[in-house]
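A quick write-up on the structure given underneath.
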Amino acid sequence: MLRRLWALGRRVWRILKWPAIVLLVALAFLLTPVGYVELFCRGTASELNYRPVITDAAAHRREANTYLTYPEWHIVFAYDGLAEALKTGDEHAFDYVASVRGFWGSACRLMEVADGHGGADWSTRRMIHTIGVSFTAEMAAKAAYEETIGRASAWVRGGEKTPQDKAVAATAVDYAAFLRQTPWYQYPFRREAGKLWAAPFDGFVRGWERRFGIGLEFTVKAVYAKALAGAAAAAGQAPLTIRSVVSALDAGALAAIADVKVIGPLGDGVEIETPRYDRFTRILAEIAGHGGVIREIAGN
């Protein structure tokens, strides 16, 4: 009996050995930047002595964590770049390697900066590592596909883009804009897969390749997004609003700006609540354009 089990085990190992090795190598490749950032991207630690004007602790955010917002935005800008590349070329024209290198380079530099502003907490660092590994895996898979099968089908197609190419390009533009305000896992990937298949068929090789190849990508993302949305809901969604203190503008002028909620006077300014992300950037620009001065953001 033991000899049979041993023989069975050896046969299974012979079948699974190389897939297991490939999986381990892939995991090592994906986790190497995480190890590098944690071990070598450290700055001089310092504590902050600033006393926030906003007294509600629930409205505070660690100053160091704000610096680490940029790597998230690097991903948004990467999709902006892909959408821009598709306006005049094909997917293989996008520099996937530079995009991944830029993410980890910015994460490393800003980890060093964050240490000088109180240090980032582990949950924030873990979030950066998680999205970095996911982004790296996605870009690596996309590069491998687009530089081989995708490039070959584009060569067969010629210079004239198919309706499927145009549908994919339109999705890229829409997705890049979506990411500026909303978590990626809320994007309707199945809807976009449907649009891809509904596009008029013109160009046998490229049309079918886009339908199956990119359609599969959208479907996988839809499944992954659904799972991630469930996990995010269970863990509790990150706050979608942020509080700031503004001086040199009265409450009436601030309330007249779209999406600004006036909380009330605070110190020598006015406390306001606004959406986060891209809308927040635009609101700050509008406040500055009216002569307002941002005194504090989320307790910083």
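Each residue of the sequence shown is one higher than the last, beginning at -5 in my numbering.
We put the beta carbon where it would ideally sit given N, CA and C, even for glycine.
Remember, it's a predicted structure, so these values are computed and weren't measured experimentally.
Margin query: Excluding the 5 residues flanking Leu278 on each side, which residues of the same chain have their C-beta closer than 7 Å to its C-beta?
Written below: Ile288
Next item on the list: Locate the alpha helix (DSSP H) running through Ile125, then write down its first and last residues.
Entry: 116 to 139
Next item on the list: Quick one: give me the first and last residue of the alpha helix (DSSP H) that Ile291 is part of.
Entry: Note, Ile291: premise wrong, no alpha helix (DSSP H); beta strand (DSSP E) at 287 to 291.
Checklist line | Whole-angstrom C-beta distance between Thr124 and Arg62, which should lie under 8 Å | finding: The identity of residue 62 in the sequence shown is Leu, whereas the question assumes Arg. No, Leu62 and Thr124 are not in contact; Cβ-Cβ is about 13 Å, not under 8 Å.
Next item on the list: Grab the span of the alpha helix (DSSP H) containing Val264 for me, first residue to last.
Entry: Premise fails: Val264 lies in the beta strand (DSSP E), 263 to 269, not in any alpha helix (DSSP H).
Check: Nearest-angstrom Cα distance between Phe274 and Lys155?
Finding: 37 Å
Notebook entry, point to check: Thinking C-alpha only, which one of Pro177, Leu210, Arg145 is nearest Trp191?
Noted result: Leu210
Next item on the list: Closer than 7 Å by C-beta to Ala53: which residues in its own chain qualify, once you throw out the five before and the five after it? Chain order, please.
Entry: Excluding residues within five positions, the ones whose Cβ falls inside 7 Å are Arg237, Ala292, Gly293.
Check: Would you call the CB atoms of Arg204 and Ser147 closer than 9 Å?
Finding: yes
Checklist line | Beta-carbon contacts of Leu104 that lie in its chain and below 8 Å, excluding the five residues immediately before and after | finding: Tyr61, Leu62, Tyr64, Pro65
Next item on the list: Kindly give me the distance between the Cβ atoms of Ala87 and Ala79, rounded to whole angstroms, as I take these residues to be in contact under 8 Å.
Entry: Confirmed, Cβ separation roughly 5 Å.
Notebook entry, point to check: Are Asp89 and Ala58 close, meaning C-beta to C-beta below 9 Å?
Noted result: no
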